[in-house]
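Structure, as structure tokens:
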Amino acid sequence: MKKLQTLLLSFILTFIAIGAQAQAKKETTQTVEIKTSAVCGMCKKTLEKAMAYEKGVKSSSLNVESKVLTVVFDSRKTDAANIRSAVNKTGYDADKQPADARAYNRLDECCKKEAGSH
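Throughout the sequence shown, residue numbering follows mature numbering (1 follows the signal peptide of the UniProt record, and there is no 0), covering -22 to -1, 1 to 96 in sequence.
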């Protein structure tokens, strides 16, 4: 009987530990919304592809009309500042941080701010 109680207690503690670990993993996923200088569908493709290669980024989606890039990421691997920096290095403004000039100059003409909205 005592062995049964010990075994039962072991199972209960194991399930509690597994549940706590699963909950801790969920809390590491965060979302950031970044106002960009994107103007067209090509910008959407470029930014989303660049975000796919960023460490810790789980998904990204650019709303071309509002110019807002929504990024879901693992906070154990990256943070919002690194994501903004990656957007800048792709050639786009990220919130109030200006785009990297060299990357901006490499963008297609339709993606440059002066080209205007499509």
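We put the CB at the ideal spot given by N, CA and C, even for glycine.
When you compare the CB positions of residue i and residue j, do they come within less than 8 angstroms of one another, or not?
i: Ile61; j: Glu26; result: no
i: Lys67; j: Val17; result: no
i: Met29; j: Cys88; result: no
i: Thr6; j: Thr48; result: no
i: Asp52; j: Gly34; result: yes
Could you check the C-alpha separation between residue i and residue j for me, to the nearest Å?
i: Ser39; j: Lys22; result: 8 angstroms
i: Lys13; j: Lys45; result: 6 angstroms
i: Asp71; j: Ile(-11); result: 51 angstroms
i: Arg84; j: Asp78; result: 10 angstroms
i: Ser63; j: Glu43; result: 22 angstroms
i: Lys(-20); j: Arg54; result: 41 angstroms
i: Gly(-4); j: Lys36; result: 22 angstroms
i: Ala81; j: Thr56; result: 22 angstroms
Does DSSP put residue i in a helix, a strand or coil?
i: Val10; result: strand
i: Ala72; result: strand
i: Thr48; result: strand
i: Val35; result: strand
i: Leu(-15); result: helix
i: Leu40; result: strand
i: Ala28; result: helix
i: Cys18; result: coil
i: Ala77; result: coil
i: Lys90; result: coil
Using alpha carbons as the reference points, say which of the options lies closest to residue i.
i: Ala58; options: Thr24, Glu11, Lys74, Lys36; result: Glu11
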